[in-house]
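Read the structure below first, then the notes.
In my numbering, the protein residues as written are 80 to 250.
Encoded structure:
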């Protein structure tokens, strides 16, 4: 698909939540309009080049040293996981729902980080069941802007997994 216009591009510091401490990393995001009815957000996280592309409501992670794009994402290796996550609606107004399908039980904790790296809020850990899970997240009182939703998943065997998803708040 041919890009018709370009919306925004920025780089800012984010914060990754760890059990013991906070680590800083670089997070870059850009966006564009692919057609009249479809938009795209591209992300690059850290020096390792973890990249993601959000097109409509789908998200895919890839490993590489370049920012993901329709031309480069197909040549990068996809990160395989035992779960899939989708945020809807995104962009959102007063809330969004994180839809998560998992093959293992565990707990999930969410943190919202703004463009200047400030922590906008953290949820209490929620239980994940095998199969489909839905977590509704209120954006009441959150200013309009681009945010990073950090997910921290803890499995019963002690494994921990972190994922970052972009969230756009329009109100």
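Backbone N, C-alpha and C define an ideal beta-carbon position, used for all residues, glycine too.
Classify residue 172 as buried or exposed, calling it buried when 16 or more other Cβ atoms lie within 10 Å of its own Cβ.
-> Start at 1 with the first residue of the chain shown, and residue 172 comes out as number 93. By the neighbour-count rule (16 or more Cβ atoms within 10 Å), residue 172 is not buried but exposed.
Roughly how many angstroms separate the alpha carbons of residue 163 and residue 215, rounded to a whole number?
-> Within the chain shown, residue 163 is the residue found at index 84, counting from 1. Within the chain shown, residue 215 is the residue found at index 136, counting from 1. Roughly 16 Å between the two C-alpha positions.
Measure the Cβ-Cβ separation of residue 189 and residue 231 and say whether it is below 9 Å.
-> The sequence position of residue 189 within the chain shown is 110, counting from 1. The sequence position of residue 231 within the chain shown is 152, counting from 1. Cβ distance < 9 Å, so residue 189 and residue 231 count as in contact.
Of all the beta strand (DSSP E) runs that stay within the bounds of the region 157 to 211, which reach a length of 3 or more residues?
-> Segments of the beta strand (DSSP E) lying fully in the region 157 to 211: 162 to 167, 174 to 181, 185 to 192, 198 to 201, 205 to 207.
Identified DSSP bridge partners for residue 234 = Stepping through the chain shown from its first residue, residue 234 is reached at position 155. Beta-bridge analysis with DSSP links residue 234 to no other residue.
Cβ pair count under 8 Å reaching 3, the region 180 to 187 against the region 218 to 225 | Not touching, per the Cβ criterion.
Does the Cβ of residue 244 have 16 or more other Cβ atoms within 10 Å, making it buried, or fewer, making it exposed?
-> As a position in the chain shown, residue 244 is number 165, starting the count at 1. Flag for residue 244 reads buried.
Indicate the three-state DSSP secondary structure (helix, strand or coil) for residue 221 in the structure shown.
-> Residue numbering aside, residue 221 sits at position 142 when the chain shown is read from its first letter. It is coil, neither helix nor strand.
Using three-state DSSP, classify residue 249 as helix, strand or coil.
-> Taking the chain shown and counting its residues from 1, one reaches residue 249 at position 170. Secondary structure at residue 249: coil, using DSSP grouped into helix, strand and coil.
Count the other C-beta atoms from every protein chain shown that fall within 10 angstroms of the C-beta of residue 213, then say buried if there are 16 or more, exposed otherwise.
-> Position 134 of the chain shown, counted from the start, is the residue given in the question as residue 213. By the 10 Å Cβ count, residue 213 comes out exposed.
How would you label residue 127, buried or exposed, when you count the other beta carbons within 10 angstroms and need 16 or more for buried?
-> As a working mapping, residue 127 is identified with position 48 in the chain shown. Below a pLDDT of 50, predicted positions are generally treated as unreliable, and residue 127, at 42, falls in that range; no measurement from the model is reported.
At a cut-off of 8 Å, is residue 168 close to the ligand COA when judged by its beta-carbon and the heavy atoms of the ligand?
-> The ligand COA is absent from the structure shown, which contains no ligands of any kind.
Residues in its own chain within less than 6 Å of residue 177 by CB, not counting five upstream and five downstream?
-> Sequence index remark: in the chain shown, residue 177 carries index 98 (1-based). Once the five neighbours on either side are set aside, the close Cβ partners of residue 177 are 166, 214.
Euclidean distance between Cα positions of residue 218 and residue 239 = Position 139 of the chain shown, counted from the start, is the residue given in the question as residue 218. Position 160 of the chain shown, counted from the start, is the residue given in the question as residue 239. Between the alpha carbons of residue 218 and residue 239 lies a distance of about 26 Å.
Report the rounded CA-to-CA distance for residue 209 versus residue 248, giving the unit in angstroms.
-> One-based indexing of the chain shown puts residue 209 at position 130. One-based indexing of the chain shown puts residue 248 at position 169. One C-alpha to the other measures close to 30 Å.
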